[in-house]
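Structure first, commentary second.
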């Protein structure tokens, strides 16, 4: 987030992330991911995002569902890559807000999502473990395709915040 960032841009960020996590987390929970990674600790982010929206008086977006309701392990790896990567972005945003300070315009902002568990190595550790289950080129291709699909989903949902869906 730069100096030009505003509480309105932050609200859009929260709305888009809440909608994406709300739609993607159940799909991941129903996937065989936890069987492949029994020690994996995936933290649900939707509740803290939803709390931020409520505290800021924002409504959740009426987002479209994700295109897949079932994922293979390889596809789930791709989805987790994007979700955990978005968490890295959230940490950057919080650091920028702290660095630049908040003004009176930020008084109504809530930061439960940004101040959630700090897991700086979670993505790196997950990717190291994922390399053991992505056994062949087809698995890697499936993970990449799912990550790309998830990125595109985030972009579609984020576009809703720019089309008047922001309350």
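In my numbering, the protein residues as written are 1 to 167.
Even for Gly, the Cβ is constructed at its ideal location relative to N, Cα and C.
Assignment of residue 57 by DSSP, reduced to helix, strand and coil, places it in the coil class.
Put simply, the backbone Cα of residue 68 is about 8 Å away from that of residue 27. Contact annotation: the segment 79-89 does not touch the segment 52-62, with fewer than three C-beta pairs closer than 8 Å.
Within the model, the alpha-carbon separation for residue 113 versus residue 59 is close to 16 Å. Residue 73 counts as buried, since at least 16 other C-beta atoms from the protein chains shown sit within 10 angstroms of its C-beta. According to the DSSP assignment, residue 143 belongs to the alpha helix (DSSP H) that extends over 137-162.
With fewer than 16 other Cβ atoms from the protein chains shown falling within 10 Å of its own Cβ, residue 92 counts as exposed. Between residue 36 and residue 133, the beta carbon gap of about 5 Å places them in contact (Cβ cut-off 8 Å). Annotation: residue 107 is outside any alpha helix (DSSP H) and is labelled neither H nor E by DSSP. Residues of the same chain with a CB within less than 6 Å of the CB of residue 17, apart from the 5 flanking positions on each side, are 49 in chain order.
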